[in-house]
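Written below as structure tokens is the structure these notes are about.
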Amino acid sequence: MHRYRSTGTTRRLTTALLALGTAGALLLTGCGQSGQSSDSKKGGGRTADGFPAPAPDGPDGPDGQNGEQRDDESRDIAPSPDHLSTFALDVDTASYGYARRTLEDGSLPDPSTVRPEEFINSFRQDYERPDGDGFSVTVDGARTKDDDWSLVRVGLATRAADDDRERPPAALTFVIDVSGSMSEPGRLDLAKDALGTMTDRLRDQDSVALVTFSDTAETVLPMTRLDDNRARIHDAVDSLEPADSTNLGAGVETGYETAVEGLRKGATNRVVLLSDALANTGDTDADTILERVAAERREHGITLFGVGVGSDYGDALMERLADKGDGHTTYVSTEKEAEEVFCEQLPRHVDLTARDAKAQVAFDPETVEEFRLIGYDNRQVADEDFRDDSVDGGEVGPGHTVTALYAVRTRAGTEAGHLATATVRWLDPDSRTPHEESEGIEASALHGDLWSTAPRGLQIAAAAAYFADALRRDDTRWTDLPAGPTLGELSSRVRELIRYREDKQLNDLSDAIEAARTLMD
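If you want it as structure tokens, here you go:
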């Protein structure tokens with residue numbers, strides 16, 4: 010089991026941050042936060058709180074891995090330098106959706122499929138939003154019952170999603186798995202119903218293409234504007250029938266070829282992959298499939314949205330595909346969930362407000378003894394690559410919130426002093442101009458007790474994190490979170506939250522905790 014890393018070593022401050030004159034004029038204004046906002050040149054300088062921001066070693070980072078970590082590495086420690094934590098933003102939620110489905114089916118999820126940040130980010134937060142593109146930054150926290158341990162929440166929010174009539178046109182290539190396993194109820198039938206409803210709701214200037222794959226891949230419908238073609242699109246959707254094996258590689262290949270052929274300038278071009286991600290035919294090598302996705306993303310800016318289905322689900326492959334495709338994943342198991350994803354979320358969120366977004370949190374070594382980022386295990390970025398804009402970050406659209414939760418142990422008796430500063434850096438999706446926004450927190454601002462005085466949003470994030478922690482407790486790679494409640498206690502905490510706000514999401518969380526409690530007792 011890995012230990013928390015101490016942040017006791019104070020590093021010398023490096024050269025002062027140089028402002029980018031031309032980019033500085035393009036910084037977002039009116040973001041509703043008191044934190045500083047600055048653009049920087051790659052490498053060198055300081056973060057907004059005066060802590061050093063080391064210069065990058067190059068586009069591949071010090072390990073020559075483009076800022077990525079190998080899957081078999083543990084990141085249950087603070088990255089070096091000791092007081093910095095850097096990660097790419099992630100708005101995936103598939104892990105939580107799949108865990109709920111597994112629990113409903115009477116089984117515990119495999120701990121390897123439990124990603125705490127996706128549990129946390131399944132619950133939307135009420136952070137103040139910026140007026141324009143970019144992010145607002147909110148930082149708060151509360152003390153736990155464990156001596157000197159607190160949970161610190163870093164909240165990032167983009168502007169509210171535009172009215173559907175105001176968003177840019179969308180060019181969506183749907184890549185649909187029609188393999189034999191998709192014939193099970195709640196898979197292909199669910200997708201067809203949702204796609205049919207979505208066809209009626211998209212705007213005339215939007216475009217849709219349809220690719221299917223089983224043992225081979227086929228373009229059923231080339232990129233087609235809705236206009237007067239809705240009947241044609243409905244016919245293509247209705248024609249989908251399950252076939253044989255799952256040649257996921259061929260589906261991704263053909264899907265991106267179709268997307269490139271139908272590329273529309275001025276539109277949001279996206280590939281939407283719907284599959285159980287159980288590749289068993291053709292090119293099943295994940296790295297080869299991923300490279301195709303990454304190459305098209307780099308050349309054409311086409312992002313990938315992965316929608317997972319099925320009780321047997323290739324969670325790891327779908328997540329890696331979305332990461333390489335600069336997109337995100339979700340999981341659906343009911344017709345209502347599918348309709349919400351395809352008919353509500355997708356049309357509203359096809360636009361991007363930020364590319365290659367990364368966050369860096371600098372903890373003050375004078376007040377912080379240890380810290381741990383909860384989740385984001387495969388989204389870690391080398392600290393020196395924070396301002397290296399050739400290193401991939403995450404793509405985020407309007408209407409999103411991103412939450413990162415930290416377990417933080419302050420130095421004994423610490424009640425005052427600077428605790429941390431969180432900075433988010435992103436590129437304008439069109440001009441690629443870099444921007445930053447920061448916000449700090451003092452130790453004195455920590456709420457006295459997590460469950461009695463902390464904001465409800467922080468309590469909800471904590472409940473989701475503790476639930477994920479309980480589900481992967483048998484995985485010895487991870488250290489238990491401080492002051493972890495039993496599932497019975499956690500269930501009571503969630504029910505108490507529901508008393509103050511009737512919320513379907515909280516009801517679903519309560520049901521999932523009770524199901525896990527029954528299976529684990």
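Here my numbering is used: the first residue of the sequence shown is 10, the next is one more, and so on.
From the three backbone atoms N, C-alpha and C, an ideal C-beta is built for every residue, glycine too.
Beta-carbon gap between residue i and residue j smaller than 8 angstroms
i	j	result
Gly336	Glu266	no
Ala200	Ile185	yes
Ala471	Leu459	yes
Ala479	Leu496	yes
Leu197	Leu230	no
Val433	Val146	yes
Arg388	Leu436	no
Arg420	Glu451	no
Glu448	Val148	yes
Pro494	Ala170	no
Ala413	Tyr385	yes
Ser131	Ala473	yes
Ala521	Leu112	yes
Asp285	Asp321	yes
Residue i - DSSP class collapsed to helix/strand/coil
i	result
Ser342	coil
Asn516	helix
Leu496	helix
Lys333	helix
Thr423	coil
Pro71	Any reading at Pro71 needs caution, since the residue's pLDDT is 35, under 50, leaving its predicted position unreliable; the model's value is listed next. It is coil, neither helix nor strand.
Gln354	helix
Thr167	coil
Leu37	Note that Leu37 has pLDDT 32, beneath the 50 cutoff, so the model's placement of it is unreliable and no number is given.
Ile86	In this predicted model, Ile86 has a pLDDT of only 42, less than 50, meaning its place in the structure is not dependable; the value taken from the coordinates is given anyway. DSSP places Ile86 in coil when its eight states are reduced to three.
Ile507	helix
Gln78	In this predicted model, Gln78 has a pLDDT of only 39, less than 50, meaning its place in the structure is not dependable; the value taken from the coordinates is given anyway. Looking at Gln78 - three-state DSSP - the assignment turns out to be coil, as it is neither helix nor strand.
Glu137	coil
His309	helix
Ser116	coil
Thr23	Only weak support exists for where Thr23 lies, its pLDDT of 34 falling under 50; the value from the coordinates is given anyway. Correct three-state label for Thr23: coil.
Val220	strand
Leu326	helix
Ser145	strand
Arg55	Caution is warranted here: a pLDDT of 32 is assigned to Arg55, below 50, making its placement in the model unreliable, and no coordinate value can be reported.
Arg418	strand
Ala252	coil
Glu348	helix
Thr412	strand
Glu300	helix
Gly189	helix
Asp483	coil
Residue span of the beta strand (DSSP E) that contains residue i, given as start and end
i	result
Gly205	Careful: Gly205 lies outside any beta strand (DSSP E), inside the alpha helix (DSSP H) at 197–210.
Asn289	Segment: none, Asn289 is in no beta strand (DSSP E) and carries neither H nor E.
Phe96	93–97
Arg279	277–284
His444	443–451
Ala371	363–372
Glu404	403–405
Tyr380	The question names Tyr, but residue 380 is Phe in the sequence shown. Start and end: 377–382.
Leu490	It is not in any beta strand (DSSP E) - Leu490 carries neither H nor E in the DSSP assignment.
Cβ distance (whole Å) where residue i is taken to contact residue j below 8 angstroms
i	j	result
Arg234	Ser216	5 angstroms
Asp373	His427	5 angstroms
Asn256	Phe222	6 angstroms
Val316	Leu287	In fact, because the Cβ distance is near 14 angstroms, the residues do not count as touching under 8 angstroms.
Ala268	Ala218	7 angstroms
Ala103	Glu126	That belief does not hold up - the Cβ atoms of Ala103 and Glu126 are roughly 11 angstroms apart, past 8 angstroms.
Val261	Ile298	5 angstroms
Ser116	Gly319	Their Cβ separation, rounded to whole angstroms, is 14 angstroms, which puts Ser116 and Gly319 out of contact at 8 angstroms.
Arg210	Asp517	That pair is no contact at about 25 angstroms.
Delimiting residues of the alpha helix (DSSP H) encompassing residue i
i	result
Ser104	103–113
Ile469	465–480
Tyr265	257–270
Ile129	125–129
Ile242	239–247
CA nearest to the CA of residue i, picked from the options
i	options	result
Thr410	Thr225, Ala218, Asp99	Asp99
Thr462	Ala151, Tyr105, Leu112	Ala151
Gln468	Arg133, Thr102, Arg434, Tyr107	Arg133
Phe380	Asp236, Met191, Pro491, Ser190	Pro491
Gln214	Pro177, Glu250, Thr423	Pro177
Ile242	Val220, Gly258, Glu308, Ala521	Val220
Ala180	Ser192, Leu313, Glu308	Leu313
Ser224	Glu375, Val370, Ala245, Ser188	Sequence check: residue 224 is Asp here, not Ser. Checking every option, the nearest Cα to that of Asp224 belongs to Ser188.
Thr208	Met191, Tyr385, Thr182	Thr182
Ala368	Val163, Ala524, Ala474, Glu227	Val163
Asp359	Thr423, Ala425, Asp398, Pro438	Reading the sequence as shown, one finds Val at residue 359 and not Asp. If we check each option's Cα against that of Val359, Pro438 comes out closest.
Below-8 angstroms beta-carbon distance, residue i vs any chain D residue
i	result
His409	In the structure shown, chain D cannot be found, because there is only a single protein chain.
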